[in-house]
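Accompanying notes for the structure given below.
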Amino acid sequence: DKDRAMAWDPAMPRTRWKLAIPFVSKDVPSRSSEFAHPDVVIALTFLAYRYSGLRYEDFTEIIAEVCAQLAKEVGPMRDRRANKLYEEWVENCGMKIRGKGDEDNADGTAAAEYRDDEVVPLKLLKQSDEEQMQRLYKVLRKSTRVVDYYLKEMIFPTFLRYQQVKISASGQEIGGDILFKKRIGFSGTPSALLPLEMGETRYEEGADGLMLSAMTDPSIVSID
1 DKDRAMAWDP AMPRTRWKLA IPFVSKDVPS RSSEFAHPDV VIALTFLAYR YSGLRYEDFT
61 EIIAEVCAQL AKEVGPMRDR RANKLYEEWV ENCGMKIRGK GDEDNADGTA AAEYRDDEVV
121 PLKLLKQSDE EQMQRLYKVL RKSTRVVDYY LKEMIFPTFL RYQQVKISAS GQEIGGDILF
181 KKRIGFSGTP SALLPLEMGE TRYEEGADGL MLSAMTDPSI VSID
C-alpha cells in the first residue's frame, strides 16, 4: 500500500503513512483529504493501531529507539529504564526474558535455542538478526503498551501539528472594533446580542405591528 501510494505521489507527506486518514470506501483511502480536528486524528489513529497492530516498519523504529536509549543510559543493565520498559512489554504479553534471574547467564551469553515462551534480552538483541526480530515482532505487534509508547513518544510529538498558543474569536469579537472600525449589518431575526461597540439594536418602526396584523387577519390566517 505504501509503495503504491508513493509511486502515485512521491511527495506524499509522511503524516499520511503514520496517522489516520479518511477512506472514501472500503480499502480505498482518500488521496488528499485529512482529518482537520486533532482529537479525531488521535482517537482514530489509536483505534487503527489497536485494531490492526504495528506494521513491521513501525516495530523496527521502536526497537531502534529503545536500543538507542539503552546505549545512552548508564548504570547496571537490568536497572536501565529502556531495559525495564522492554521487560515490561514482553512480560505483559505473557512471555519471558531469556536468562532473566539466571545466575549462570550473568556474563551476557545466551543459548542458541529458545523455549516457546522466551525472547532474547534487549542487551543481546541484534537488529540485523531477522529471526530474532521476527520472533519478537510476533510477540509485540499487538501489545497495547507498545502501541501507546509508539504513538505517544514517537508519532504524535513529531507528526501532529500544534501550537503553544491558540487564538480564537466569537461573533462578538468579529463584530466589534478589534478588526474594523466601521461596521454595518442586517439580521432578519430581532436580537439585542450585539457587540458593545455597536450600541443598541435599531428595530424597523412598525415591523412588529405589521406582523401581528397579518397573523390576526382572517383573510390570511384561519382556524378550522
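Per the UniProt record's numbering, the sequence shown runs over residues 1 to 224. Where a beta carbon is used, it is the ideal one built from N, C-alpha and C, also for glycine.
Per DSSP, which residues does K96 bridge with? Please list them. Locating residue 96 in the sequence shown gives position 96, counting from the first residue. Beta-bridge pairing links K96 to E118.
Quiz item: Taking one C-beta from the segment 130 to 145 and one from the segment 161 to 177 each time, how about it: are there three or more such pairs within less than 8 Å?
Solution: no
Requested in this report: Alpha carbon to alpha carbon, how far is A20 from C67? Give it in angstroms, no decimals.
Outcome: Within the sequence shown, residue 67 is the residue found at index 67, counting from 1. Within the sequence shown, residue 20 is the residue found at index 20, counting from 1. Their backbone Cα atoms lie some 27 Å apart in a straight line.
Review point. Does the pairing of the segment 58 to 67 with the segment 163 to 170 give three or more beta-carbon distances under 8 Å?
Key: no
Should the segment 115 to 127 be regarded as contacting the segment 83 to 102, the criterion being three or more beta carbon pairs within less than 8 Å? yes
Consult DSSP for V41 and reduce its assignment to one of helix, strand or coil.
Position 41 of the sequence shown holds residue 41. Here V41 sits in helix by DSSP.
For T216, does the count of other Cβ atoms within 10 angstroms reach 16, so buried, or fall short, so exposed?
Numbered from its first residue, the sequence shown carries residue 216 at position 216. Looking at its Cβ environment, which holds fewer than 16 other Cβ atoms inside 10 Å, T216 is exposed.
| Straight-line gap, T15 to L160 (C-alpha atoms, nearest Å) | Residue 15 sits at position 15 when you count from the first residue of the sequence shown. Residue 160 sits at position 160 when you count from the first residue of the sequence shown. Cα to Cα, the separation comes out at about 8 Å.
Q. Taking the continuous alpha helix (DSSP H) assigned at T158, which residues delimit it?
A. In the sequence shown, residue 158 corresponds to position 158, counting from 1. Its alpha helix (DSSP H) spans residues 156 to 159.
Note the first and the last residue of the continuous alpha helix (DSSP H) segment covering L70. By one-based count along the sequence shown, residue 70 stands at place 70. Segment 56 to 72, the alpha helix (DSSP H) holding L70.
The segment 45 to 61 / the segment 138 to 147 touching (three or more Cβ pairs under 8 Å): yes
Candidates S128, E87, R81: which alpha carbon is nearest V119's?
Working through the sequence shown from its first residue, we reach residue 119 at position 119. Closest option to V119, Cα to Cα, is E87.
Check: In angstroms, rounded to a whole number, what distance separates the CA positions of Y150 and K18?
Finding: Counted from its first residue, the sequence shown places residue 150 at position 150. Counted from its first residue, the sequence shown places residue 18 at position 18. Taking the straight line from one Cα to the other gives about 11 Å.
Between the Cα of G199 and those of K182, Y49, G206, spot the shortest distance and give me the residue it belongs to.
Working through the sequence shown from its first residue, we reach residue 199 at position 199. With distances taken between Cα atoms, G199 lies closest to K182.
key: Assigned secondary structure, A110 (DSSP; H/G/I helix, E/B strand, else coil)   = By 1-based counting over the sequence shown, the position of residue 110 is 110. Low confidence applies here, because A110 scores a pLDDT of 47, under 50, leaving its location unreliable; read the following figure in that light. Coil.
- Query: If we cut at 8 Å on Cβ distances, does F35 have a partner in chain C?
  - Reply: As a matter of chain content, chain C is missing from the structure shown, which is built from one protein chain.
- Task: Return helix, strand or coil for V139, following the three-state DSSP convention.
- Result: Here residue 139 corresponds to residue number 139 of the sequence shown, with the count starting at 1. Three-state DSSP puts V139 in a helix.
For this session: For my contact list, L70 and L122 are in at a C-beta cut-off of 8 Å; report their separation, rounded to the angstrom.
Result: Along the sequence shown, read from residue 1 onward, the residue named residue 70 stands at position 70. Along the sequence shown, read from residue 1 onward, the residue named residue 122 stands at position 122. L70 to L122, Cβ: 6 Å. Contact.
Item to complete: With DSSP as the reference, label S219 as helix, strand or coil.
Response: Numbered from 1 along the sequence shown, position 219 holds the residue referred to as residue 219. Looking at S219 - three-state DSSP - the assignment turns out to be coil, as it is neither helix nor strand.
C-alpha gap between E173 and A207, whole angstroms: Translated into the one-based positions of the sequence shown, residue 173 becomes position 173. Translated into the one-based positions of the sequence shown, residue 207 becomes position 207. So the alpha carbons of these two residues sit roughly 29 Å apart.
Query raised in the report: Could you give the distance in angstroms between the alpha-carbon of V90 and the alpha-carbon of V24?
Result: Counting from one through the sequence shown, the residue named residue 90 turns up at place 90. Counting from one through the sequence shown, the residue named residue 24 turns up at place 24. About 37 Å.
_Can you give me the C-alpha to C-alpha distance between G75 and A48, rounded to a whole angstrom?_
As a first step, residue 75 must be located in the sequence shown, where it is residue number 75. As a first step, residue 48 must be located in the sequence shown, where it is residue number 48. Distance between the alpha carbons of G75 and A48: 37 Å.
Exercise for the section: Work out the CA separation of T158 and R78 for me, nearest whole Å. Expected result: Numbered from 1 along the sequence shown, position 78 holds the residue referred to as residue 78. Numbered from 1 along the sequence shown, position 158 holds the residue referred to as residue 158. C-alpha separation (whole angstroms): 30 Å.
Check: With respect to the alpha helix (DSSP H) encompassing K18, which residues constitute its N-terminal and C-terminal limits?
Finding: Your numbering for residue 18 matches position 18 in the sequence shown. Where K18 is concerned, the enclosing alpha helix (DSSP H) stretches over 15 to 18.
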